[in-house]
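Okay, so here's the structure we're looking at.
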Amino acid sequence: MSAAFQLDGVTCRFGSLAAVDDVSLTVEDGEQVAFIGPSGSGKTTLIRAMNTMLAPDAGAVSVFGQDVSSLDTGELRRLRSEIATIPQHLGLVPNLTALQNVVLGRGGQRGTLRSIRDLLMPSRADVLEIHEILDRVGIGEKLYSRVSDLSGGQRQRVAIARALFQEPKALLADEPVSSVDPARARDSIRLLVELSTEVGFTLCVSLHHIELAKEFFPRLVGLRSGSVVFDAAPDQLEGSQFSDLYELEDHEMMTDA
Amino acid sequence: MSAGMPTQPLCSIIGSVGIPADKLFRGTSASMNGSRYSGRKRWTVASLILVFLVCGWFLGLSPAGLIPPDASHWDRTLAFFSAALHPAFDYQDANVPDSADPIWLKGVKGLLATIRYALCAMSLAVPTALVLGFLGSSAWWPEPRSRLADVVLRAVYLCCRFVMSFARSIHELIWALLFLSAIGISPMAGIVALALPFSGTLGKVFSELIDEEGRDAAELFKAIGHRPVQTFLVGIFPLAFPNLVTYTFYRFECALRSSAVLGFVGIETIGLYIQLSHEEFYYREVWTYLYLLLALIVVVDLVGARIRERLHHPTLTWQS
Numbered sequence: 548m549s550a551a552f553q554l555d556g557v558t559c560r561f562g563s564l565a566a567v568d569d570v571s572l573t574v575e576d577g578e579q580v581a582f583i584g585p586s587g588s589g590k591t592t593l594i595r596a597m598n599t600m601l602a603p604d605a606g607a608v609s610v611f612g613q614d615v616s617s618l619d620t621g622e623l624r625r626l627r628s629e630i631a632t633i634p635q636h637l638g639l640v641p642n643l644t645a646l647q648n649v650v651l652g653r654g655g656q657r658g659t660l661r662s663i664r665d666l667l668m669p670s671r672a673d674v675l676e677i678h679e680i681l682d683r684v685g686i687g688e689k690l691y692s693r694v695s696d697l698s699g700g701q702r703q704r705v706a707i708a709r710a711l712f713q714e715p716k717a718l719l720a721d722e723p724v725s726s727v728d729p730a731r732a733r734d735s736i737r738l739l740v741e742l743s744t745e746v747g748f749t750l751c752v753s754l755h756h757i758e759l760a761k762e763f764f765p766r767l768v769g770l771r772s773g774s775v776v777f778d779a780a781p782d783q784l785e786g787s788q789f790s791d792l793y794e795l796e797d798h799e800m801m802t803d804a
Numbered sequence: 006m007s008a009g010m011p012t013q014p015l016c017s018i019i020g021s022v023g024i025p026a027d028k029l030f031r032g033t034s035a036s037m038n039g040s041r042y043s044g045r046k047r048w049t050v051a052s053l054i055l056v057f058l059v060c061g062w063f064l065g066l067s068p069a070g071l072i073p074p075d076a077s078h079w080d081r082t083l084a085f086f087s088a089a090l091h092p093a094f095d096y097q098d099a100n101v102p103d104s105a106d107p108i109w110l111k112g113v114k115g116l117l118a119t120i121r122y123a124l125c126a127m128s129l130a131v132p133t134a135l136v137l138g139f140l141g142s143s144a145w146w147p148e149p150r151s152r153l154a155d156v157v158l159r160a161v162y163l164c165c166r167f168v169m170s171f172a173r174s175i176h177e178l179i180w181a182l183l184f185l186s187a188i189g190i191s192p193m194a195g196i197v198a199l200a201l202p203f204s205g206t207l208g209k210v211f212s213e214l215i216d217e218e219g220r221d222a223a224e225l226f227k228a229i230g231h232r233p234v235q236t237f238l239v240g241i242f243p244l245a246f247p248n249l250v251t252y253t254f255y256r257f258e259c260a261l262r263s264s265a266v267l268g269f270v271g272i273e274t275i276g277l278y279i280q281l282s283h284e285e286f287y288y289r290e291v292w293t294y295l296y297l298l299l300a301l302i303v304v305v306d307l308v309g310a311r312i313r314e315r316l317h318h319p320t321l322t323w324q325s
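Chains as they are written, first to last, in our numbering: chain A, 548 to 804; chain B, 6 to 325.
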């Protein structure tokens, strides 16, 4: 099995609303994929189904060849420790330092007691490694800064560093650029794609910014109302397909107004 | 207004609150025509005042209760409050031997004993409260869990909640009386009497402070394979930590006051000296001790403020 993620007819419902509606999708190992679509198109839900945090109401999710629904708690935890996630809110602990936040990235592999030790007195080897990672993402000097003292862009870097320290086989990032200015957004996306190539992990990013997605990703998946509208390389797509994606339907316009 | 006859206390209270009864009524009924929100607010205020009046009526409450009933009481009141302006710098009691500590040293020693009791009690209460607060919260429960695990967790949860409620529903003074009657005056009795209700209160507030924290980080740690307890310890507890420290400091202040009050049942803290001097009508000595206690509380408050500031708005990190 070489597929990192395999989704077969996945449907996730919230009440009567199908946030993800009968999606089938395969992401190969080492692939770089961008999910694009307007807000409410199901990008976040799709990512939560892929990182196993949301069990689909119908269909099956396989990650690295393992059927998620067949795993017991321990196996599921082990699988999750191989998938890094950067949620939209980043999920950082603001009153801990960058170092402390990043070292917790490996908590899934290390267990409870070791994590407490890591927080209170991190090993020298870890500190050196984390410093190197923070250097790579551009904020090496922020090793001992509290996350609450960092800017939005710097916080994002901390979240990326935590994902890297996890040494994942795949990284899922949900709208990683929604809270920073365009120049920084471009830098962050470039960084994620470079790292994915460099380290060799699978990368799936949800984006509403089409230009960035076209520039950096070899494969784009368009989502609308929870369904896949297109799934192709950027040069195979026409401009009208993108504008269709963002054109509001009548009932959407009413609810958005 | 005539002095409070038990038969007419309600009128005198209404007079003393300064709201004529008819105006009270008009205010609430007029608000029914206003916005729902302000109407509700007025109803709330009005019903709180009503509750106060009803309770006061049952208690036979009257402002006259604050006025000393006769001349000898007047004298004593005057003596007590004028002593506030002349705290004693030497013993008022002529029988105190010259070899005894000067009064300020006795007071300071009493304060040190008060601090020791409070510190020992808090040293027992904080770890107990952390354990009880952890077991009495549901934030770390694994999801999903087996039926058996669910039953066990719920049982532990309810037990801890009950223990905390029980420990704090009995005042430290009553705990002290219970222990003193059982084992006599011993320092341990005082400390355990303080530690019990303090663990109950700390534990309850700890678990509430923890439950108030956001779950964003916890959700992320769960998603990258952390265990439930681990998620709680690294993703939720650190968020609540500054608030826990702040609250612990506040409770330490309370523990100081409570440990002083334990002097009234015979435990040797500054409260004992206050009580002994008060019994002999040595009011100036009483005020000396009270001022020392006040100074201690102010110092603790200042130190606490510095620590809070460091925790919430750090200017330096520990490592730099």
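Glycine included, C-beta positions come from ideal geometry on N, C-alpha and C. The structure displayed is predicted, hence computed values, not measured ones.
Q: Grab me the residues of TRP145 (chain B)'s own chain with a C-beta within less than 6 Å of its C-beta, minus the 5 sequence neighbours each way, in chain order.
A: For the purposes of this step, residue 145 (chain B) is taken as residue 140 along the second sequence, with counting starting at 1. Closer than 6 Å at the Cβ level, and outside the excluded window around TRP145 (chain B), lie PRO233, VAL234 and PHE237.
Q. Alpha carbon to alpha carbon, what distance is there between GLY773 (chain A) and ALA779 (chain A)?
A. What you label residue 779 (chain A) is simply residue 232 of the first sequence in a count that begins at 1. What you label residue 773 (chain A) is simply residue 226 of the first sequence in a count that begins at 1. Approximately 17 Å, taken between the alpha carbons.
Q.
For chain B, check one thing: does any of its Cβ atoms lie closer than 9 Å to the Cβ of SER698 (chain A)?
A. Within the first sequence, the letter at position 151 stands for residue 698 (chain A). It does not; no Cβ of chain B falls within 9 Å.
Q: Taking GLY654 (chain A) as the query, report the chain B residues whose CB atoms sit under 8 Å from its CB, ordered along the chain.
A: Residue numbering aside, residue 654 (chain A) sits at position 107 when the first sequence is read from its first letter. Neighbours of GLY654 (chain A) on chain B, chain order: PHE226, ILE229, GLY230, HIS231, GLN235 and VAL239.
(Q) Mapping the DSSP letters down to three states, classify ARG150 (chain B) as helix, strand or coil. (A) Position 145 of the second sequence, counted from the first residue, corresponds to residue 150 (chain B). Here ARG150 (chain B) sits in coil by DSSP.
Q) If you draw a straight line from the alpha carbon of VAL161 (chain B) to that of LEU307 (chain B), how long is it in whole angstroms? A) Working through the second sequence from its first residue, we reach residue 161 (chain B) at position 156. Working through the second sequence from its first residue, we reach residue 307 (chain B) at position 302. If I take the Cα positions, the gap works out to 39 Å.
Q.
Just to confirm my understanding: we take LEU601 (chain A), look at its own chain, exclude 5 residues before and 5 after, and list those with CB closer than 7 Å. What are they?
A. Here residue 601 (chain A) refers to the residue found at position 54 when the first sequence is read from its first residue. Excluding positions up to five away in sequence, the list reads CYS559, THR592 and ARG595.
Q) With 9 Å set as the bound, which would you pick, yes or no: does the beta-carbon of ALA631 (chain A) sit closer than that to a beta-carbon of chain B? A) As a first step, residue 631 (chain A) must be located in the first sequence, where it is residue number 84. It does; some Cβ of chain B falls within 9 Å.
(Q) Against chain B, does MET600 (chain A) count as a neighbour if the rule is that its beta carbon must be under 9 Å from one of theirs? (A) By 1-based counting over the first sequence, the position of residue 600 (chain A) is 53. MET600 (chain A) counts as touching chain B.
Q: Identify which residue in B:SER174, B:ILE175, B:PRO102 and B:ALA198 has its Cα closest to the Cα of LEU185 (chain B).
A: Mapped onto the second sequence, residue 185 (chain B) falls at position 180. Looking at the Cα atoms, B:ALA198 is the closest of the given residues.
Q: Would you mind working out which of B:ILE272, B:LEU83, B:ASN100 and B:GLU290 sits nearest GLY189 (chain B), comparing C-alpha positions?
A: The residue given as residue 189 (chain B) occupies position 184 in the second sequence. The option with the nearest alpha carbon to GLY189 (chain B) is B:ILE272.
Q) Of all Cβ atoms in chain B, is any one closer than 9 Å to the Cβ of THR659 (chain A)? A) Indexing the first sequence from 1 puts residue 659 (chain A) at position 112. True, the Cβ-Cβ gap to chain B drops below 9 Å.
Q. Between the stretch 217 to 232 of chain B and the stretch 631 to 640 of chain A, do three or more beta carbon pairs fall short of 8 Å?
A. yes
Q: Select from A:SER586, A:THR644 and A:ASN648 the residue whose C-alpha is nearest the C-alpha of GLN713 (chain A).
A: If you number the first sequence from 1, residue 713 (chain A) lands on position 166. The residue with the shortest Cα to Cα distance from GLN713 (chain A) is A:ASN648.
Q.
Short of 8 Å Cβ to Cβ, which residues in the stretch 727 to 738 of chain A face chain B?
A. none
Q.
Counting only beta-carbon separations shorter than 9 Å, does LEU244 (chain B) have a partner in chain A?
A. Walking along the second sequence from the start, residue 244 (chain B) turns up at place 239. It does: the Cβ of LEU244 (chain B) has a partner Cβ on chain A nearer than 9 Å.
**Q.** C-alpha gap between GLY240 (chain B) and ASP604 (chain A), whole angstroms
**A.** As a working note, residue 240 (chain B) is residue 235 in the second sequence. As a working note, residue 604 (chain A) is residue 57 in the first sequence. Taking the straight line from one Cα to the other gives about 28 Å.
Q: With THR599 (chain A) as the anchor, note down where its beta strand (DSSP E) starts and where it stops.
A: In the first sequence, the residue the question calls residue 599 (chain A) occupies position 52. Unbroken run through THR599 (chain A): none, as it is neither H nor E.
Q. In chain order, what residues of the stretch 605 to 622 of chain A put their CB closer than 8 Å to some CB of chain B?
A. THR620
Q. In whole angstroms, what is the alpha-carbon distance linking PRO781 (chain A) and LEU646 (chain A)?
A. Translated into the one-based positions of the first sequence, residue 781 (chain A) becomes position 234. Translated into the one-based positions of the first sequence, residue 646 (chain A) becomes position 99. Cα to Cα, the separation comes out at about 38 Å.
Q: Please name the residue or residues paired with LEU718 (chain A) in a DSSP beta bridge.
A: The sequence position of residue 718 (chain A) within the first sequence is 171, counting from 1. BP columns for LEU718 (chain A) point to A:ALA631 and A:LEU750.
Q. For GLY556 (chain A) versus GLY606 (chain A), is the C-beta spacing smaller than 9 Å?
A. On the first sequence, residue 556 (chain A) is found 9 positions in, with the first residue counted as 1. On the first sequence, residue 606 (chain A) is found 59 positions in, with the first residue counted as 1. Result yes, Cβ atoms of GLY556 (chain A) and GLY606 (chain A) sit closer than 9 Å.
Q.
Using 9 Å as the threshold, is the C-beta distance between TRP292 (chain B) and ALA89 (chain B) below it?
A. Here residue 292 (chain B) corresponds to residue number 287 of the second sequence, with the count starting at 1. Here residue 89 (chain B) corresponds to residue number 84 of the second sequence, with the count starting at 1. Taking 9 Å as the Cβ cut-off, TRP292 (chain B) and ALA89 (chain B) qualify as a contacting pair.
Q) How about the stretch 146 to 157 of chain B and the stretch 214 to 225 of chain B: do they share at least three Cβ pairs that are nearer than 8 Å? A) no
Q | Positions along the stretch 128 to 156 of chain B whose CB lies within less than 8 Å of some CB in chain A | A | PRO147 and PRO149
Q. If you follow the alpha helix (DSSP H) that ASP619 (chain A) is part of, which residue opens it and which one closes it?
A. As a first step, residue 619 (chain A) must be located in the first sequence, where it is residue number 72. Counting along the chain, ASP619 (chain A) falls outside any alpha helix (DSSP H), and DSSP gives it neither H nor E.
Q.
Quick check on PHE582 (chain A): does DSSP put it in helix, strand or coil?
A. Locating residue 582 (chain A) in the first sequence gives position 35, counting from the first residue. Strand at PHE582 (chain A).
Q. Taking three-plus beta-carbon pairs below 8 Å as touching, is the stretch 205 to 221 of chain B in contact with the stretch 245 to 253 of chain B?
A. yes
Q) Between the beta-carbon of ARG733 (chain A) and the beta-carbon of LEU759 (chain A), is there less than 9 Å? A) Stepping through the first sequence from its first residue, residue 733 (chain A) is reached at position 186. Stepping through the first sequence from its first residue, residue 759 (chain A) is reached at position 212. Their beta carbons are under 9 Å apart, which means ARG733 (chain A) touches LEU759 (chain A) by this criterion.
Q: Closer than 7 Å by beta-carbon distance: list the chain A residues that pair up with ASP221 (chain B), in chain order.
A: As a working note, residue 221 (chain B) is residue 216 in the second sequence. The answer, in chain order, is HIS636 and GLY638.
Q. For ASN598 (chain A), is the classification buried or exposed, using 16 other Cβ atoms within 10 angstroms of its Cβ as the cut-off for buried?
A. The count along the first sequence starts at 1 and reaches residue 598 (chain A) at position 51. Answer is buried; the Cβ neighbour count reaches 16.
Q) Which residues does DSSP pair with LEU770 (chain A) in a beta bridge? A) Within the first sequence, numbered from 1, the residue matching residue 770 (chain A) stands at position 223. In the DSSP output, where bridge partners are listed per residue, LEU770 (chain A) has A:VAL775.
**Q.** Integer-rounded CB distance, given that VAL684 (chain A) should sit under 8 Å from ARG704 (chain A)
**A.** The residue you call residue 704 (chain A) lines up with position 157 of the first sequence. The residue you call residue 684 (chain A) lines up with position 137 of the first sequence. Sure, about 4 Å apart at Cβ, within 8 Å.
Q) Whose Cβ in chain B lies nearer than 7 Å to the Cβ of GLN713 (chain A)? A) Position 166 of the first sequence, counting from 1, holds the residue named residue 713 (chain A). Chain B residues near GLN713 (chain A): ILE229.
Q.
Assuming LEU718 (chain A) and ALA710 (chain A) are in contact, meaning their beta carbons sit under 8 Å apart, how far apart are those beta carbons, in whole angstroms?
A. Sequence index remark: in the first sequence, residue 718 (chain A) carries index 171 (1-based). Sequence index remark: in the first sequence, residue 710 (chain A) carries index 163 (1-based). LEU718 (chain A) to ALA710 (chain A), Cβ: 5 Å. Contact.
Q | Boundaries (first-last residue) of the beta strand (DSSP E) holding THR573 (chain A) | A | Position 26 of the first sequence, counted from the start, is the residue given in the question as residue 573 (chain A). 564 to 575 is the extent of the beta strand (DSSP E) around THR573 (chain A).
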